[in-house]
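Same order as they appear, the protein sequences are chains A and B.
Residue 139 in the numbering used here is what sits at position 90 of the first sequence, and the numbering runs on without skipping anything.
Residue 1290 in the numbering used here is what sits at position 27 of the second sequence, and the numbering runs on without skipping anything.
Backbone N, C-alpha and C define an ideal beta-carbon position, used for all residues, glycine too.
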Amino acid sequence: MKSSMIRLLLIFSVSFFFPAQAVKIEFHDFKTTEQEQLYLKLIAELRCVKCQNQNLAESNAELAKDMRDKTYELILKGGTRADVIKYMTDRYGDFVLYNPPFKKNTLLLWVGPPLFLLLSLIFIFKLIKSQKKEIVEKLSNDDRESMRSLLKHTSSDNK
Amino acid sequence: MKVKFLIPLVAFMALVGLMLFGLSNDPKLIPSPFVGKPAPQFSLPRLNNPDETISVNDMKGKVWILNLWASWCVSCRAEHAVLSKLIAEEKIPTIGLNYKDYGTEDYGDDAKKWLATLGNPYYAVAVDTKGMAGIDWGVVGVPETFVMDKKGIVRYKFTGPVYQKAVDETLIPLIKKLREEAL
Chain A
50 MKSSMIRLLL IFSVSFFFPA QAVKIEFHDF KTTEQEQLYL KLIAELRCVK
100 CQNQNLAESN AELAKDMRDK TYELILKGGT RADVIKYMTD RYGDFVLYNP
150 PFKKNTLLLW VGPPLFLLLS LIFIFKLIKS QKKEIVEKLS NDDRESMRSL
200 LKHTSSDNK
Chain B
1264 MKVKFLIPLV AFMALVGLML FGLSNDPKLI PSPFVGKPAP QFSLPRLNNP
1314 DETISVNDMK GKVWILNLWA SWCVSCRAEH AVLSKLIAEE KIPTIGLNYK
1364 DYGTEDYGDD AKKWLATLGN PYYAVAVDTK GMAGIDWGVV GVPETFVMDK
1414 KGIVRYKFTG PVYQKAVDET LIPLIKKLRE EAL
C-alpha cells in the first residue's frame, strides 16, 4: 500500500520535471534524409524575429511558421544551407542568425567574452600571487606537551 | 592605493550606464537590410478587383509608400488616421499590403469592412493571404511602412504605427527630398 503511494508520488513529481512540449510543428515531407537533416539544423539555427529568444523550431509564432515553411520551400527547391541563410539575412539581417558571422560589427560579440575571461584570469592570478603566504610556525615540544595535557583533561571531564 | 577603492565604484557605474543604454534600445527595431537596396518584387491580386494585379513594377518612376496592414492589427487602426492624412496631404501613392488577412479562414472579408468603415487611403491594396510577400519584405510585425524612391530603391523603413511627430519630422522631409532627386 505504502510503496504504491510512493510510486504514484514519484510519477507525479517526475511529470512536473518533464512538461510536454507545447510547440506544434507541422509535418514536412522530404525527398532525401539530407534535406530533412538540413531543414532541422536550419530551423534550430535561425532565430524567430518575432519572439526573439526562440529559434524557429521552438517558436509557436505565426511568423516562425511562415519562416519554417519558407525554409522548407527553399530546401525542396534544392537550396543549400548558404542559400537559405542568404535569403533570411537579406531580409532580416544577421540578427536572424543565432550563429552570427564574424564581422566588424559583431567583433565585440565574438571577441568580448574570451577577452573578459582572459582579463579575469589575469586578475585572479595576480590576486593570488600578491597574497602573502601565511607563515605557520612549527610546534615546539613544549607546545605539544601542553596540548596533550589539555586534551586529556577535557576527555576525562566528559566521563 | 586610494584609486584601488574606486575601481568597484567605477565598474558599477559603467555597468549601470550600459544597462541604461540597453533600456533605451528597443530590440524589436531590427534595422532593415533593405534600405539602400531595390524593393522586393511582388505581383498580387488587388483587394477591390481581384482579377487585376498590382506589382512593385507598377510604381516605377514615383516616390511611393508600402504600408503593411491587417484588419486584425490594432496598431494599424491606431496609425490609420495619421497615415491617411499623410497620403492625402502629400498625394503620395501608397500600396497597402494586406498581410494574412483577407481570404484567410479567420478573417474572411474583414479587410473590406475595415476600409469601408475607416476609409481607404490606398492607391491600391495588394492581398497577401499567405504572408509570403510579407516575408519577402522581411516583415516582423504589422504595421510596417517603407518609403521607396523613383528608382524603386527602399530608402526608409518605419516599424510600428506611424505617429504625427514621425510624419512631420522624418517622413515628409524624406518624401520631399526623394521627389527632388533625378530619376
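DSSP three-state label for A/Gln70, please. Here the question's residue 70 of chain A lines up with position 21 in the first sequence. Low confidence applies to A/Gln70: its pLDDT is 46, below 50, so where it sits in the model is not reliable, and the reading given next is rough at best. Looking at A/Gln70 - three-state DSSP - the assignment turns out to be coil, as it is neither helix nor strand.
Please classify A/Tyr121 as buried or exposed, where buried requires at least 16 neighbouring CB atoms within 10 angstroms. Here residue 121 of chain A is taken as the residue at index 72 of the first sequence, counted from 1. Buried, because 16 or more other Cβ atoms sit within 10 Å of the Cβ of A/Tyr121.
Can you list the residues of chain A that B/Val1410 reaches, using a CB-CB cut of under 7 Å? By 1-based counting over the second sequence, the position of residue 1410 of chain B is 147. Ordered by position in chain A, no residue passes the 7 Å Cβ test against B/Val1410, which lies about 18 Å from the chain.
Does DSSP put B/Gln1427 in a helix, a strand or coil? Position 164 of the second sequence, counted from the start, is the residue given in the question as residue 1427 of chain B. Residue state, collapsed to three classes: helix.
State the Cα-Cα distance for the pair B/Gly1280 and B/Ser1287, rounded to the nearest angstrom. Numbered from its first residue, the second sequence carries residue 1280 of chain B at position 17. Numbered from its first residue, the second sequence carries residue 1287 of chain B at position 24. In a straight line, the C-alpha of B/Gly1280 is about 11 Å away from that of B/Ser1287.
Would you mind telling me which residues of chain A sit closer than 8 Å to B/Asp1399, beta carbon to beta carbon, in chain order? Residue 1399 of chain B sits at position 136 when you count from the first residue of the second sequence. What B/Asp1399 touches in chain A: Arg140.
Taking the alpha-carbon positions, what's the B/Ala1351 to B/Pro1384 distance? As a position in the second sequence, residue 1351 of chain B is number 88, starting the count at 1. As a position in the second sequence, residue 1384 of chain B is number 121, starting the count at 1. The straight-line gap from Cα to Cα measures roughly 7 Å.
Just to confirm, is the Cβ distance from B/Asn1320 to B/Val1388 under 9 Å? Along the second sequence, one-based indexing puts residue 1320 of chain B at 57. Along the second sequence, one-based indexing puts residue 1388 of chain B at 125. Contact flag unset, no.
Give the residues of chain A in contact with B/Pro1290, contact being defined as C-beta atoms less than 8 Å apart. Looking up residue 1290 of chain B in the second sequence gives position 27. Correct list: Gln101.
Give me the chain D residues within the contact set of A/Lys119, using Cβ-Cβ distance strictly less than 7 Å, ordered along the chain. The displayed structure is made up of protein chains A and B, and chain D is not among them.
Which bits of chain A does B/Ile1293 rub up against, with CB to CB less than 7 Å? Here residue 1293 of chain B corresponds to residue number 30 of the second sequence, with the count starting at 1. Simply Val98, Tyr141, Gly142, Phe144.
Across which residues does DSSP place B/Ser1306 in a beta bridge pair? Taking the first residue of the second sequence as 1, we reach residue 1306 of chain B at position 43. B/Ser1306 pairs with B/Ser1318.
Can you check the region 70–130 of chain A for any beta strand (DSSP E) of at least 3 residues that lies completely inside it and give the ranges in chain order? none
Which of the three DSSP states, helix, strand or coil, is assigned to A/Glu183? Residue numbering aside, residue 183 of chain A sits at position 134 when the first sequence is read from its first letter. Here A/Glu183 sits in coil by DSSP.
Would you mind reading off the limits of the alpha helix (DSSP H) that contains B/Asp1373? In the second sequence, counting from the first residue as 1, residue 1373 of chain B sits at position 110. Its alpha helix (DSSP H) spans residues 1373–1381.
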